[in-house]
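Report on the following structure.
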Amino acid sequence: MFTCTGYASTSAEAPLAPFTFQRRDPGPSDIEIEILYCGVCHSDLHTARDEWGGTLYPCVPGHEIVGKVTRVGAEVSTFKPGDLAGVGCMVASCRECDSCKEGLEQYCVPGFTGTYNGPEPQTGGHTFGGYSSHVVVDSHFVLRIPEGLDLAAVAPLLCAGITTYSPLRHWGVKAGQKVGVVGLGGLGHMGVKLAHAMGAHVVLFTTSPGKEADARRLGAAEVVISKDPDAMAAQGETFDFILDTVAAEHDINAYLGLLKREGTLVQVGAPEKPLSVNVFSVIWRRRNFAGSLIGGIVETQEMLDFCATHGITSDIELIPIDQIETAYSRMLKSDVKYRFVIDMASLHKTSLPEAA
Ligand code: NAP
Ligand code: ZN
Ligand code: ZN
């Protein structure tokens, strides 16, 4: 075991604060990474504040990790100290079930281990995420970071990137199709960039009129203010595919009605309360309403390589870790342009309880 520093919440109401904890030393198949950057996902906020239930405290969020390898176990041949490495939302899975064998570790039947809030058998506690100095991960779950990209702006690809890439690929989005993206936040802005790079005609739906120019710059051909009923009606029954990234309660039927016959709406945003689907929204025109969870490890590497080929990274605001609560407040006001990323060098500048 070795001592790490980080930021944790100790209850649903407590703000994140400096925290010192133990991690396991790398085992034979593990890699230890010194964290350089960690993206701030809305799931971090949902979990830190126990909005989905089941949060284990203390909670160290963070699953968009980019860093430098510092130690590797004896069996690891894929990485060596000094290499760049990435870690997303998963740090382990059974590796034996049908999903794992197909490279779909995110759908592991007994359940994958989350980068935070998952079981950590080696310490007997739970996993701690990337708002910290180091992480120790089985090498199977460590991603290779392509050369030539801005490292801080790569971090959000590890969750926001793969969560939008995977459904676009799974449902076969291709050039010439009309694709809607709902919400221009962390996931949404990656959805716009990726769907545009795949050749789709991208329409961004937003509640924030001030984001229109950015949406066009990111690759949207059209921008619809979702509060404008006439603008919504003008899009009726024209979409092949819609990706909904909204983190709060909203009217899903307004978007289902925009799909063509047999079109698909994939929900990736995860509001804490259930969404209400009017069955006639899907019965009519034989439409599909589906969900999608992050992406497997092979597909995450494919996404990183796709981003390198197309010169895609996230548009970020780099913050010191002591600004995390301000970042969360802005996230709740839809004021994210378009992903906060923590500069982990700032961790060494904060005064930590036992680590001075
Ligand atoms: P985010 O950066 O906060 O973006 C969410 C966007 O949704 C906002 O920027 C806003 O865009 C829109 N929005 C927010 N409140 C709204 C409301 N009341 N009505 C309509 N639109 C609203 O969050 P994120 O990090 O992208 O995450 C989005 C959601 O995806 C979260 O629930 C997160 O937990 C979930 N998630 C799921 C997966 C998965 O595997 N399925 C993975 C990661 C995250 P506009 O200003 O453009 O309207
Ligand atoms: Zn996430
Ligand atoms: Zn499995």
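Take the sequence shown: its position 220, counted from the start at 1, is 217 in our numbering, and no numbers get skipped. Yeah, the Cβ is synthetic: ideal placement off N, Cα and C, and Gly gets one too.
{"query": "Backbone CA spacing between Leu191 and Thr306 [nearest angstrom]", "result": "12 Å"}
{"query": "Anticipated Cβ contact below 8 Å, Asp22 with Met(-2), distance rounded", "result": "6 Å"}
{"query": "Any non-hydrogen atom of ligand 1 within 6 Å of Leu184 CB", "result": "yes"}
{"query": "Neighbouring residues (CB closer than 5 Å to any heavy atom of ligand 3)", "result": "Ser90, Cys91, Cys94, Cys97 and Cys105"}
{"query": "Cα-Cα separation, Leu181 to Lys208", "result": "8 Å"}
{"query": "Whole-angstrom C-beta distance between Val338 and Cys35, which should lie under 8 Å", "result": "7 Å"}
{"query": "When Gly83, Val176 and Gln19 are compared against Gly260, the one with the closest alpha-carbon", "result": "Val176"}
{"query": "Met341 versus Gly254 - alpha carbon distance", "result": "44 Å"}
{"query": "Distance CB(Gly121)-CB(Tyr113) smaller than 7 Å", "result": "no"}
{"query": "At least three beta-carbon pairs within less than 8 Å, the segment 208 to 217 to the segment 261 to 281", "result": "no"}
{"query": "Cβ-heavy atom distance, Cys56 to ligand 2, below 6 Å", "result": "no"}
{"query": "Cβ-based burial, Val132 [other Cβ within 10 Å; buried from 16]", "result": "buried"}
{"query": "Residues that Ser129 bridges to, as DSSP identifies them", "result": "Gly3"}
{"query": "Burial state of Ala89 (16 or more Cβ within 10 Å)", "result": "buried"}
{"query": "Cβ pair Asn250, Ser278 closer than 7 Å", "result": "yes"}
{"query": "Pro55, buried or exposed, once every other Cβ within 10 Å from all chains shown has been counted against 16", "result": "buried"}
{"query": "7 Å Cβ cutoff met for Ser289 and Pro317", "result": "no"}
{"query": "Inter-residue CB distance, Arg336 and Ser311 (contact presumed, cutoff 8 Å)", "result": "5 Å"}
{"query": "CA-to-CA distance, Asp225 to Gly216, given in whole angstroms", "result": "22 Å"}
{"query": "Selection from Arg214, Glu29, Val200 and Val170 that minimises the alpha carbon distance to Ile309", "result": "Arg214"}
{"query": "Any non-hydrogen atom of ligand 1 within 6 Å of Cys35 CB", "result": "no"}
{"query": "Strand pairing of Phe202, partner residues [DSSP]", "result": "Val179 and Val221"}
{"query": "With 16 other Cβ atoms within 10 Å as the buried cut-off, status of Ser163", "result": "buried"}
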